[in-house]
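To start, the structure itself, in structure tokens.
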Amino acid sequence: MSALPQTPELKRRFYDAALALLAEEGYGALKQRALVARMGLTTGAFFHSFGNWREFVQLLLEYWRADQTLRIRDLVESLDSPDWQVETLLRAAVDLPHEAEGALRAWGGADPDVQRVVTQVDAERLATVAFAFTALTRDAVLSDRLARTAMWVLIGFEQSPATRDPDTLEFALRAIQLQLLDAAGQTT
31 MSALPQTPEL
41 KRRFYDAALA
51 LLAEEGYGAL
61 KQRALVARMG
71 LTTGAFFHSF
81 GNWREFVQLL
91 LEYWRADQTL
101 RIRDLVESLD
111 SPDWQVETLL
121 RAAVDLPHEA
131 EGALRAWGGA
141 DPDVQRVVTQ
151 VDAERLATVA
161 FAFTALTRDA
171 VLSDRLARTA
181 MWVLIGFEQS
191 PATRDPDTLE
201 FALRAIQLQL
211 LDAAGQTT
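Structure, rendered in structure tokens:
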């Protein structure tokens, strides 16, 4: 298990506000002036925490990766039960900040640095899902296929804001879970 980086409170507030701004208005709205105004702070507070905007963006992306991918991976790996690992992943997928993630994915289409982090996150998530699925089924090929299917469902969900319905996402992921359980001999 890896140790997640500690984030000072003011920086965390900047990151959370930036993710909220992304979720509500998209990546085009994420600007320094809009961010500090949203927080009721001055640009001085921003520059007290970050050297420049580029540094902020890099640290924001690392914060998102650590909080929404590495933290979940570490939790899943700490669980002894494959059933609980899969259930934890399912709940985490449904509970992700999908609006912000969709905006990050759109931003990645315009910025190669952002795209690199999104691609890294997707690869790390896929590895975690495949790990848990394989622990449950003991079938690496089937687990890899189902893990990729689950990732495609998640990414498609995040790319479809007009039809974003968490109940439907959960329904689709539960269908994959049923296939896992069937492969593991846990359903009839």
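Read left to right, the sequence shown gives residues 31 to 218 (the numbering used here).
Positions of the beta carbon are idealized from the N, C-alpha and C atoms, including for glycine.
Just so you know, these numbers come straight off a predicted model, no measurement behind them.
Taking 6 Å as the cut-off, is the C-beta of residue 164 nearer than that to any heavy atom in the ligand ATP?
Within the structure as shown, the ligand ATP is missing, as the structure has no ligands at all.
If you compare alpha carbons, which of 185, 99, 190 is closest to residue 119?
One-based indexing of the sequence shown puts residue 119 at position 89. It is 99 whose Cα lies nearest to the Cα of residue 119.
Cutting at 8 Å between CB atoms, please list the residues of its own chain near residue 123, excluding the five before and the five after it.
Looking up residue 123 in the sequence shown gives position 93. Residues 180, 184, 199, 203 of the same chain have their beta carbon placed closer than 8 Å to that of residue 123, with the five preceding and five following residues left out of the count.
Just the C-alpha distance for residue 92 and residue 42, rounded to the nearest angstrom, thanks.
The sequence position of residue 92 within the sequence shown is 62, counting from 1. The sequence position of residue 42 within the sequence shown is 12, counting from 1. Their backbone Cα atoms lie some 12 Å apart in a straight line.
So, for residue 68: in the same chain, excluding its five sequence neighbours on each side, which residues have a beta-carbon less than 8 Å away from its beta-carbon?
Counting from one through the sequence shown, the residue named residue 68 turns up at place 38. So the list reads 47, 50, 51, once near-sequence residues are dropped.
CA-to-CA distance, residue 215 to residue 60, given in whole angstroms
Residue numbering aside, residue 60 sits at position 30 when the sequence shown is read from its first letter. Residue numbering aside, residue 215 sits at position 185 when the sequence shown is read from its first letter. It is roughly 48 Å from the alpha-carbon of residue 60 to the alpha-carbon of residue 215.
Alpha carbon of residue 87 to alpha carbon of residue 80, nearest angstrom
As a position in the sequence shown, residue 87 is number 57, starting the count at 1. As a position in the sequence shown, residue 80 is number 50, starting the count at 1. The straight-line gap separating the alpha-carbon atoms of residue 87 and residue 80 is approximately 10 Å.
In its own chain, which residues sit with a C-beta less than 7 Å from the C-beta of residue 148, not counting the 5 before and 5 after it?
Taking the first residue of the sequence shown as position 1, residue 148 is located at position 118. Once the five neighbours on either side are set aside, the close Cβ partners of residue 148 are 134, 135, 138.
Excluding sequence positions up to five away, which residues of its chain have a Cβ less than 7 Å from the Cβ of residue 144?
Counting from one through the sequence shown, the residue named residue 144 turns up at place 114. If we look at residue 144 and ignore the five residues flanking it on each side, its Cβ neighbours are 91, 134, 137, 138.
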